[in-house]
Amino acid sequence: MKNDVTIGLCNPKSPSNVGAVMRAAGCYGVDAVSYTGERFARAAKFKTDTKNRQREIPLLGVESLTEDLPVDVSIVCVELAEGAIALPEFKHPTKSLYIFGPEDGSIAQDIIDQASAVVYVPTIGCMNLAATVNVVLYDRLAKSNTPVDHQAIIQKSRDVNNRLVVKGAVKGGF
Numbered sequence: 002m003k004n005d006v007t008i009g010l011c012n013p014k015s016p017s018n019v020g021a022v023m024r025a026a027g028c029y030g031v032d033a034v035s036y037t038g039e040r041f042a043r044a045a046k047f048k049t050d051t052k053n054r055q056r057e058i059p060l061l062g063v064e065s066l067t068e069d070l071p072v073d074v075s076i077v078c079v080e081l082a083e084g085a086i087a088l089p090e091f092k093h094p095t096k097s098l099y100i101f102g103p104e105d106g107s108i109a110q111d112i113i114d115q116a117s118a119v120v121y122v123p124t125i126g127c128m129n130l131a132a133t134v135n136v137v138l139y140d141r142l143a144k145s146n147t148p149v150d151h152q153a154i155i156q157k158s159r160d161v162n163n164r165l166v167v168k169g170a171v172k173g174g175f
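Using the numbering used here, you'd call the opening residue of the sequence shown number 2 and step up by one each time.
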């Protein structure tokens, strides 16, 4: 499934966060994940990608997240930056490179300056890297017009220990 979505991570520190980003990438149909810096490469031996998404989704160490992008790809930086657009108000571009800063820093200003948009998640305080990636990708899915076969997704996605079925009037919500 090609969704025209790539994730870029600026010098990620935590192998557990990168593993969780890979899991999110698999859940939301991301095409590739790239990262800069040396910290993750040193920690990669810990294999924190619990769903082994690297078999399906490339995880690439790169010098630059923005170099050699096709002209039709929009750079969307996700950062707590003054002047950023609140995620609930943001309209996701069709072809996107979402760039996330490190757990202990920010996206470099020269990358922010290249962005088509800078978006933030309006929380009180900051979330960790993997949580932020999940929220942004879910927001993209929720706002898309992609038809979904919900029963097929549930049946395909749950593990062998889950065979729950909703019966009766519980389905409608509040």
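For each residue, glycine too, the CB sits at the ideal point set by N, CA and C.
Between which two residues does the alpha helix (DSSP H) containing residue i stretch?
i: C78; result: Looking at the DSSP string, C78 is not in any alpha helix (DSSP H); the run it does join, the beta strand (DSSP E), is 75-79.
i: V149; result: Taken as a continuous stretch (DSSP letters only), V149 belongs to no alpha helix (DSSP H), as it is neither H nor E.
When you compare the CB positions of residue i and residue j, do they come within less than 7 angstroms of one another, or not?
i: I100; j: C78; result: yes
i: K14; j: P103; result: yes
i: F91; j: V120; result: yes
i: A25; j: L138; result: yes
i: L10; j: Y36; result: yes
Skipping 5 residues on each side, what residues in its chain have a beta carbon closer than 7 angstroms to that of residue i?
i: R96; result: Note on residue identity: the sequence assigns Lys, not Arg, to residue 96. Contacts found: D5, D73, V74, S75.
i: N18; result: E104, N129, L130, A131
i: A33; result: T7, I58, P59, L61
i: S107; result: E80
In the DSSP assignment, find the unbroken beta strand (DSSP E) run with residue i in it and report its ends.
i: L165; result: Per DSSP, L165 belongs to no beta strand (DSSP E) and is neither H nor E.
i: I100; result: 97-101
i: S17; result: S17 -> not in any beta strand (DSSP E); alpha helix (DSSP H) instead, spanning 16-28.
Assuming residue i contacts residue j (C-beta within less than 8 angstroms), just tell me the rounded distance between them.
i: V122; j: L98; result: At roughly 18 angstroms, the Cβ-Cβ gap does not stay under 8 angstroms, so V122 and L98 are not in contact.
i: I8; j: V134; result: 6 angstroms
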